[in-house]
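Everything below concerns the one structure shown next.
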Amino acid sequence: MATMTDESFGKDAKTMTPITSTKMEVQLMTPKNEVITKKEFNRGAWTVEEDRKLAEIIEIHGAKKWKTIATKAGLNRCGKSCRLRWLNYLRPNIKRGNISDQEEDLILRLHKLLGNRWSLIAGRLPGRTDNEIKNYWNSHLSKKLNQKKKQSGGGPTREESMPERKRMAQKVNVEVREDNSNTSTSSGDSSNISFNVDEFFNFTNDQGPLDLGWVSEFLELDGLL
DNA sequence: AACAACCTCAACCGCATCAGA
DNA sequence: GTCTGATGCGGTTGAGGTTGT
């Protein structure tokens, strides 16, 4: 009899019929009448005790091999859940509390440049997580932006009306084109300055919080300021 | 005070990509 | 080259809190 976990279960679960269910395991019947056992993980909010166990194990083993960490910590959680909890909450140097004006400004600029690439944006805001920025964007900034647009009467740009995945694909290998004056916006395309966004936003060697110099320089070049 | 509507954010889900066997 | 499991990412959901009526 096969044993599956939440992580390997996927959408097939929807086509299966429950047979028995305990706190830890659920037996299901597949459409082909095969009986499989699904391991049931804890869901929902993390308890203080779970946080403590997870932090302890990560201190010993490091923040990788999440499935192993989940098992070793004795948490009835999937690895994915542990990873998320660590990255968004338990990780050291997480900044909590309100997003400052400076940070908000930076998010707006970076979003203009990168679109919904939250992890890249988060990489430029020390202590902030992609989840936090995404939430902040969805609850605050997108509304602000919509209001501004309504006031200025502007409809969606060509890029904005493009399906998200297509835009993403385009942005990964984006070529930023500018005219010779360095002052125009996207309209200028007579000369090319090509670069790889992922390389450009490789922050691994960066230092210092909220170093805005680089972004200001770039946005000025791109006419986004 | 009670209820509804709205807001926020932690957590989950599904998919893509990567790495190792 | 292919398969499989691990990891990372963005979108979505829902519980709990807040505000308005």
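UniProt numbering puts the first residue of the first sequence at 1, with every later residue one more than the last. Even glycine gets a Cβ: it sits at the ideal position worked out from N, Cα and C.
Query raised in the report: Among the residues of its own chain, which have a CB less than 7 Å from the CB of Trp-86, if the five just before and after it don't count?
Result: If we look at Trp-86 and ignore the five residues flanking it on each side, its Cβ neighbours are Leu-54, Ile-58, Ala-63.
Query - Gly-97 versus Thr-68, Ser-81, His-111, Thr-129, residue with shortest Cα-Cα distance - result: Residue nearest to Gly-97 within the set Thr-68, Ser-81, His-111, Thr-129 is Thr-129 (criterion: CA-CA distance).
Query raised in the report: Counting pairs of Cβ atoms below 8 Å between the stretch 92-111 and the stretch 63-83, do you hit three or more?
Result: The answer is no - the stretch 63-83 does not touch the stretch 92-111, with fewer than three Cβ pairs under 8 Å.
**Report entry** Residues near Gly-79 by beta carbon distance below 6 Å, same chain, minus five either side
**Finding:** Correct list, in chain order: Trp-66, Lys-67, Ala-70.
Query raised in the report: What is the residue span of the alpha helix (DSSP H) that residue 230 lies within?
Result: Any property of residue 230 remains undetermined from this structure, which presents the chain solely from 1 to 225.
Report task. For Ile-121, count neighbouring Cβ atoms within 10 angstroms of its own Cβ and tell me buried if that reaches 16, exposed if not. Result -> Buried.
Report task. For the alpha helix (DSSP H) holding Thr-68, just list the boundary residues, first then last. Result -> According to the DSSP assignment, Thr-68 belongs to the alpha helix (DSSP H) that extends over 66-72.
Query raised in the report: Would you call the CB atoms of Asn-88 and Asn-131 closer than 8 Å?
Result: Yes, Cβ-Cβ distance for Asn-88 and Asn-131 is below 8 Å.
**Report entry** Three-state class that DSSP yields for residue 227 in the structure shown
**Finding:** With the chain covering only 1 through 225, there is no way to say anything about residue 227.
Query raised in the report: Going by alpha carbons, who is nearest to Glu-49 out of Lys-143, Leu-110, Leu-90?
Result: With respect to the C-alpha of Glu-49, the residue from Lys-143, Leu-110, Leu-90 having the closest C-alpha is Leu-90.
**Report entry** As assigned by DSSP and simplified to three states, the class of Ser-119
**Finding:** In the structure shown, Ser-119 sits in a helix (DSSP, three-state: H, G or I).
**Report entry** Length of the line joining the Cα atoms of Lys-95 and Ile-60
**Finding:** Their backbone Cα atoms lie some 23 Å apart in a straight line.
Requested in this report: Enumerate in chain order the residues of its own chain whose CB-to-CB distance from Ile-107 is below 8 Å, with the five nearest sequence positions on each side excluded.
Outcome: Scanning its chain for C-beta atoms nearer than 8 Å, with the 5 sequence neighbours on each side dropped, one finds around Ile-107 the residues Ile-99, Ile-121, Leu-125, Ile-133, Tyr-136, Trp-137, Leu-141, in chain order.
Query - Three-way DSSP call (helix, strand, coil) for Ser-139 in this model - result: Per DSSP, reduced to three states, the secondary structure at Ser-139 is helical.
Report task. Tell me where the alpha helix (DSSP H) around Ile-107 begins and ends. Result -> Segment 101-114, the alpha helix (DSSP H) holding Ile-107.
Query raised in the report: Between which two residues does the alpha helix (DSSP H) carrying Lys-53 extend?
Result: Its alpha helix (DSSP H) spans residues 48-61.
Requested in this report: Put Arg-124 into one of helix, strand or coil per three-state DSSP.
Outcome: If DSSP states are grouped into helix, strand and coil, Arg-124 belongs with coil.
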